[in-house]
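Its first residue numbered 1, the sequence shown is counted upward by one per residue in this note's numbering.
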Amino acid sequence: MTSLEKKFLAYIDALNQRPFPGLVPHVHESVTLNANAMPLPAYEKLLTDDMALAPDLNWQLSMLLVDEQRQRVGCRVEFRCTPTNGVFMDRKVDGTVKCMEHMFYEYSDGKIARVWWMPGDLVPVEKEE
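If you want it as structure tokens, here you go:
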């Protein structure tokens, strides 16, 4: 396992911890998300808002590609959650949903500096899944 892979897995682990520990060890003070620069607290708020809507939100990696030389990570993330108020990602949902998203990250000085996020579609989870 490369050092960049270890760093990224620690970031995913932090996202899945409750209470949420924050991302200071993993993300720069200023991060760019899909060409929009924002301070770290704003980036964290995007994530914690989703966590508040669905306390069981948990990110699972289904694919991970690491380019140690260029300090870039690509991944496919799957999550399942049951929003408590019937709304998640600005959409009305009923029951448990799942989603596959694709993310790319660029590191600088050992921390995430840029994120490219391609959100997926929320899909209802059938009872037997």
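Where is the CB? At the ideal position from N, CA and C, for every residue including glycine.
The model shown is predicted, which means the values in this text are computed figures rather than measured ones.
Query, Result
"Limits of the alpha helix (DSSP H) - the one that Lys127 falls within", "Element bounds for Lys127: n/a, residue is neither H nor E."
"C-beta contact flag for Lys98 and Arg80 at 8 Å", "yes"
"Under 8 Å between C-beta atoms of Leu57 and Leu40", "no"
"At least 3 beta-carbon pairs within less than 8 Å: the region 110-118 vs the region 17-36", "yes"
"Exposure label - Ala42; buried when at least 16 CB within 10 Å", "exposed"
"Beta strand (DSSP E) segment containing Ala14, residue limits", "No beta strand (DSSP E) contains Ala14, which is instead part of the alpha helix (DSSP H) from 3-16."
"Short Cβ contact (8 Å threshold) for Leu4 with Val77", "no"
"Beta-ladder partner(s) of Asn58, from DSSP", "Arg80"
"Cβ-Cβ separation, Gly95 to Pro124 (assumed contact under 8 Å), whole Å", "6 Å"
"Continuous alpha helix (DSSP H) stretch holding Thr48: start and end", "40-53"
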